[in-house]
Structure formats: structure tokens, C-alpha cells
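Sequential numbering of the sequence shown, starting at 1, is according to the UniProt record's numbering. We treat Cβ as the ideally placed atom computed from N, Cα and C, and that holds for glycine. As the structure is a computational prediction, the values presented were derived from the model and not from experiment.
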Amino acid sequence: MLSERGTDRGNPFDSLTLNSDHSRSRSRSPSSDSPFEQVVRGRGSRARSRGRGRGRGRRGRGRGGQRGGAQAQPVENRAHLAQQSRETRDTQLQERVSLLSEEDLRFTVLEACRSQPSLMFTILNRTSLQPNNPVHPEENNRNQPSWCRCSFCRDMPTEQERVCCRQLPNNCHSRLPDFSNVVLDALVLEVAIRYRNNFMAQQNADDDYNKCHRYAAYRQYSLWTHGHLGAGNTIPSCCVWRIRDTYPEHSGQYVGYVGGRFG
1 MLSERGTDRG NPFDSLTLNS DHSRSRSRSP SSDSPFEQVV RGRGSRARSR GRGRGRGRRG
61 RGRGGQRGGA QAQPVENRAH LAQQSRETRD TQLQERVSLL SEEDLRFTVL EACRSQPSLM
121 FTILNRTSLQ PNNPVHPEEN NRNQPSWCRC SFCRDMPTEQ ERVCCRQLPN NCHSRLPDFS
181 NVVLDALVLE VAIRYRNNFM AQQNADDDYN KCHRYAAYRQ YSLWTHGHLG AGNTIPSCCV
241 WRIRDTYPEH SGQYVGYVGG RFG
């Protein structure tokens, strides 16, 4: 009786097997009307037709065109356009400057130098080139080396250190007010020393006050005039001795110029 009732009710596993067999038979049937299968087939055939018909022909033509001489032409055109753009910019700048009055021009130059102090060196170079620029006779009669022009340099032990700022005496870098503020001011140097120690992750191991501030002044001048530290930034003799006179070495013996990445 138990077996008959179980047979009448039906085995659930048998029904699952029949359903799975029926689904497999439908999937194997070539005449299946499933819309999903039709969409997949349509997409696949369409994608394959696109890939076969479009890729090779156009790519082949594109590669051939890029390898030819037509590729160098746009590069030359870009360089020519960039040159024209620079020339146009300079022309427009000259036109705008010419519209300024003498008073406005002086005011503009002063404002530019205040916002960018290094522009002062451009003005000094231009004024020092003028032959009629006044020279103070008492400064010009100083006993300076033959390679000095500003009359404030002193002889240096090596050829590399025998450098002058090449300015007239009244334009000497070591006598500028900015030199006193940027290079010699003790508070400015103290902040510069702390910033460098923090950047280099080191403590101020040297307790020699004058030595620390003297080296900091050398770095300040290099940053002020060159914009960076490193080899090749030789400091003029006039500026070196102005720094040494402000922060002298007790023994009177100085190391001299030593090039380095961070000064």
C-alpha cells in the first residue's frame, strides 16, 4: 500500500528528470522558437559580420596613411603655428606697452619688481650697460682686482671664485637694499635655517652662530639670483665678502666655494 500510494503521488525526482530531459530536447532542436536564442544568434552574427567587414580594410588604409610623409607635415605646421603665436604675442605686448605714458610705465615696472624681486637684476643689467651711467669716484678708486668691475670685490684663492657681479659701483649686488633684507637679515636667515633643517629632516648640529648664518646667507643669495641651489652657482666676491664681514669666522680662515646639490 505504501508503494502504491508513493507511485500515485509521483516521485518528485522523476518529474525533475523528465523536465530536464524535455528542456534539453528543446535546446537541441534546430527549430526552437525561443526569442532569447534568436536575439543571441542575431547579435553574434551581426557582430561577426561587423568585425569581418570593417576592421581590416580601414585599419590597413589608416596605417598606410600614417607611415607616409603626411605625418611629418602636421608636426612642421604645429611648430610654425607656435612660432607665429609667439611673434603675435610679442607684437601685441609691444603695442600695449607703447600705449602707456612714461608715468604709467614707471609705475608698472615698479609694481612688477615688487611682486617679482628678481626682476631688479634685469634693470640693473640694462642700466649698467649704459656708458654715461654715473660712477662714484671714491668707490672707483678702491684697490680692487683686475677682474672686478663693481670695485667691491677682493682677491679670491681660486680662479672659480674670482667672479664679479659685473655691475657699476652704484648697482653692485652687495650694496642693494634687497641684499640686506634677503641675504643679511638675521631673522630671515633664522627662518631659512629652520626650513632647511625641516626639509632635510635633520637637527641644527652646528652651534656656531656666525657659521650657520653665513652658510644660510650663501644659499639665500643663490636662490634670490639663480632661483635654485646646486653646482655652478658661484657667488660674486663682492657678495661673499659682504656676507663674511657681517658673519665673520673667528679664526679668519674660510673654506671657500664648495658645490653641492642643496648648497
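Over what stretch of residues does the alpha helix (DSSP H) that includes Val188 continue unbroken? Counting from one through the sequence shown, the residue named residue 188 turns up at place 188. Looking at the DSSP string, the run of the alpha helix (DSSP H) that includes Val188 is 186-199.
Using three-state DSSP, classify Pro248 as helix, strand or coil. As a working note, residue 248 is residue 248 in the sequence shown. Pro248 falls in the coil class under three-state DSSP.
Between the CA atoms of Ser128 and Tyr254 - distance to the nearest angstrom: What you label residue 254 is simply residue 254 of the sequence shown in a count that begins at 1. What you label residue 128 is simply residue 128 of the sequence shown in a count that begins at 1. Whole-angstrom Cα-Cα distance: 31 Å.
Beta-carbon proximity of Tyr215 to Cys239, cut-off 8 Å: For the purposes of this step, residue 215 is taken as residue 215 along the sequence shown, with counting starting at 1. For the purposes of this step, residue 239 is taken as residue 239 along the sequence shown, with counting starting at 1. No.
Minimum C-alpha distance to Cys172 - residue among Ala82, Phe107, Ile235, Ser98: The residue given as residue 172 occupies position 172 in the sequence shown. Of the candidates Ala82, Phe107, Ile235, Ser98, Ile235 places its Cα closest to the Cα of Cys172.
Within the continuous alpha helix (DSSP H) that includes Glu111, where are the two ends? Taking the first residue of the sequence shown as position 1, residue 111 is located at position 111. If you look at Glu111, you'll find it in the alpha helix (DSSP H) that goes 102-115.
Quick one, are the C-beta atoms of His228 and Leu189 less than 8 Å apart? Numbered from its first residue, the sequence shown carries residue 228 at position 228. Numbered from its first residue, the sequence shown carries residue 189 at position 189. Cβ distance not < 8 Å, so His228 and Leu189 don't count as in contact.
Hey, could you find the ends of the alpha helix (DSSP H) His213 is sitting in? Here the question's residue 213 lines up with position 213 in the sequence shown. Residues 209-225.
Which term fits Thr88, buried or exposed, when burial requires 16 or more other beta carbons within 10 angstroms of its beta carbon? Within the sequence shown, residue 88 is the residue found at index 88, counting from 1. Exposed, by the Cβ-count rule.
Using a Cβ-Cβ cutoff of less than 7 Å, which residues in the same chain neighbour Tyr247 once the five nearest sequence positions on both sides are dropped? Mapped onto the sequence shown, residue 247 falls at position 247. Excluding positions up to five away in sequence, the list reads Asn210, His213, Arg214, Ala217.
Sorted by chain position, which residues of the same chain lie with C-beta nearer than 8 Å to Met120's C-beta, five sequence neighbours on each side aside? Here residue 120 refers to the residue found at position 120 when the sequence shown is read from its first residue. Contacts found: Cys113, Leu176, Asp178.
Roughly how many angstroms separate the alpha carbons of Thr158 and Asn233, rounded to a whole number? Position 158 of the sequence shown, counted from the first residue, corresponds to residue 158. Position 233 of the sequence shown, counted from the first residue, corresponds to residue 233. Going from the Cα of Thr158 to the Cα of Asn233 covers about 15 Å.
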